[in-house]
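As you go down the protein sequences, you meet chains A and B in turn. Numbering (the working numbering) for the first sequence: 13 to 322. Numbering (the working numbering) for the second sequence: 721 to 978. Note that the Cβ used here is the ideal one computed from N, Cα and C, for glycine as well. Remember, it's a predicted structure, so these values are computed and weren't measured experimentally. The block underneath contains the structure these notes are about, expressed in structure tokens.
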Amino acid sequence: MKVKGRSKKVGNRLSFRLVKDNISRKIMIVCTSIIFLLFISFVVLLVLKSNLVISKYSIKELLFSSFWEPENHKYGFFSATFGTFIVTVFSMIMAIPISILAAVYIAEYSPNKLRRYLSSFIDVLAGIPSVVFGLCMLLGFVPIFSVLLKKWFQIETTGMCLFTASITLTVMVFPIIVSLTVESLRALPVELREISLSLGSTKWQMIKKTLFKAAGPGIISAILLGFGRALGETMAVAMVIGSKNNIPTSLFASGQTLPSLIISSFGEMMSVPEEQSALIFVALTLFVLVTVSNIIAKVVNNKLKKRWRY
Amino acid sequence: MQENNGIVIRNLNIYYKNNSKNDFTALHNINLDIPKNQITAIMGPSGSGKTTLLKSLNRLHSINNGVKVNGQVIIDGEDIYHPMHLLPELRRKVGLISQKPIPLPTSIYENVAYGPKIHNRLNRKESDAIVEKTLKKVNLWEEVKERLNQPAADLSVGQQQRLSIARAISINPDILLCDEITSALDPISSEKVEHLLLSLKEEYTIVLVSHMLRQVKRLGDYVIFLYMGKVIEQGNMGELFNSPRNKITQQYIKGVIS
């Protein structure tokens, strides 16, 4: 018996719908592939452009020497990498506990009405441009801070230092972590709370032992997003860090981060191809750092997700 | 106080605060004596206040904002709505098994040990013993003893519900509240859970919410019929099903209203 592949009765209307379905799927594929194209083209561009400096100097010297003196053809930016590390880690150490506890209050303790107000307020905070944060810290915090340090600890400083940069980042990262953590706590089923409470746990035990695990992957994503922002934040940091290219001796010394190094040398770099290339290599390093830390966090997150399923 | 060592409810009213000015009254003037070591089944159509009544017995509904309660619920001679009453202590005595068998986000072992560890400092040996004893009681031990450290979410839904029961009885409560605990289960798992409940009533006072009449008949010793937030009728199972006095109860049992 002959089997027809397709019924002849498919009307015009149906075939038109099928064509539309087909076309829309293809458009979506094209849109999605933009993501990959962008990623790849960034990598290619950064590698090509930093080729000049890589071919002239050893990568080891660029990465691990801390003499950034373009006029003497020295492009070691270890101090900036080190500064980035210190500033990011220190700001996260401050931001994580504060943000998570604030988020727990908003999500679990505050009355409904207050929660709505607080949440929208936090979202507004998250949307404030970083330059505004930088300016506020520069004009508000820095002068007071330098006076206090002198008075209490006899430390002579301008107030523009790694610590100030860390505080700035803490303030900026705070609304992001709070907002996402609140969201992931609110998304948990009410039964989880009921189960834990009906076993006689106090509210804090319930939060600590049950909700933190169940919302764990979401909270880690929130922290990660905050971390990413802290790692890459440019303007606000550049305004308060003091921009000195040497290994800082203390938290209260001026320093540099990778993004602030790029932005503070940006004006000059156009004219000298070698410096331009060196700065792009700095950018490439930052790019790799961000990508690697994202991948690590994703892997950790997936592991925890498997463990903490409910 | 009466002889009854179960639960005594007097003039209990529960309101939910709406955004509008009128509060919604979920329970009107409830008076009940729930007998000890029996299965008391609360039946009634959706929205009749069954779950609210159940959760009012260990004050779980208070985790939602805007719930107002007046009246008395007396357990062990103490009014649980007295301002001095300690919630964790109440809930240690009155456990809840919820409708959806949601495991805590941890291993099978820790799901059972969770409650005991909250209330006592236990060493590994003690908690091992509790976990084994409890899982045996709910007939889950043989199925899971090889994989106690795996996530509880890997169990089948029926196993998860038995695990929920194990978790609830791990702290030796006096009273078990069961909120439609078979509604998410397949027939075979339901049957297992029902058998389990029957075997547990020796030790615990069980209060069960169900919308399935047949289940109420199979399990209930004492039956309460709720309708629109009021107790329409209560009595022993046989009596209430064979000769219901109230017209609404008759209609409900016949399936005219549901």
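Query	Result
Rounded separation between residue 250 of chain A and residue 266 of chain A - CA only	11 Å
Residue 93 of chain A beta carbon near the ligand HEM (any heavy atom closer than 7 Å)	With respect to small molecules bound, the structure shown includes none, and the ligand HEM cannot be examined in it.
3 or more residues per run - each beta strand (DSSP E) lying fully within the stretch 763 to 821 of chain B	787 to 795 and 814 to 817
Chain A contact for residue 838 of chain B (CB, 8 Å cutoff)	yes
Ordered list of beta strand (DSSP E) runs contained in the stretch 909 to 976 of chain B, each at least 3 residues	925 to 929, 942 to 947 and 950 to 956
8 Å Cβ cutoff, residue 203 of chain A in contact with chain B	yes
Cβ neighbours of residue 970 of chain B in the same chain (closer than 7 Å, five flanking residues each side left out)	964
Short CB-CB distance (under 8 Å) between residue 212 of chain A and chain B	yes
Closest Cα partner of residue 188 of chain A within the set A:104, A:176, A:271 and A:153	A:104
Extent of the continuous beta strand (DSSP E) run through residue 185 of chain A	Premise fails: residue 185 of chain A lies in the alpha helix (DSSP H), 174 to 198, not in any beta strand (DSSP E).
Whole-angstrom distance between residue 263 of chain A and residue 146 of chain A, CA atom to CA atom	18 Å
Neighbour-count burial assignment, residue 744 of chain B, 16 or more Cβ in a 10 Å radius	exposed
Cβ shell of residue 272 of chain A (< 7 Å), same chain only, five flanking positions each side left out	246, 249, 250, 253 and 255
Buried versus exposed, by CB contacts within 10 Å (16 or more), residue 239 of chain A	buried
Separation of residue 317 of chain A from residue 826 of chain B, as counted between CA atoms	11 Å
As assigned by DSSP and simplified to three states, the class of residue 761 of chain B	strand
Residue nearest to residue 797 of chain B in terms of C-alpha spacing, selected from B:922, B:810 and B:787	B:810
Per-residue DSSP class, three states only, for residue 285 of chain A	helix
CB contact below 8 Å: residue 820 of chain B versus chain A	yes
Within 8 Å, strictly: CB atoms of residue 850 of chain B and residue 890 of chain B	yes
Residue 322 of chain A (DSSP reduced to helix, strand or coil)	coil
Where residue 827 of chain B falls: helix, strand or coil (DSSP)	strand
Residue interval of the alpha helix (DSSP H) (run including residue 51 of chain A)	24 to 68
Outcome for residue 899 of chain B when other beta-carbon atoms lying within 10 angstroms are tallied against a minimum of 16	buried
Neighbourhood of residue 771 of chain B by C-beta distance below 7 Å, restricted to the same chain and skipping five residues each side	899 and 929
Which of helix, strand or coil DSSP assigns to residue 257 of chain A	coil
Residue-level contact to chain B via CB, residue 41 of chain A, 8 Å cutoff	no
Proximity test, Cβ basis, 8 Å: residue 966 of chain B and chain A	no
Proximal residues, the stretch 825 to 857 of chain B versus chain A, C-beta separation under 8 Å	825, 826, 834, 835, 838 and 839
Minimum Cβ-Cβ distance from residue 193 of chain A to chain B less than 8 Å	no
Beta strand (DSSP E) segment containing residue 746 of chain B, residue limits	744 to 754
For residue 841 of chain B, the three-state DSSP class (helix, strand or coil)	coil
CB contact below 8 Å: residue 823 of chain B versus chain A	yes
Beta carbon of residue 792 of chain B nearer than 8 Å to that of residue 925 of chain B	no
Under 8 Å (Cβ pairs) to chain B, residues found in the stretch 222 to 233 of chain A	222, 225, 226 and 228
Cβ of residue 207 of chain A within 8 Å of any chain B Cβ	yes
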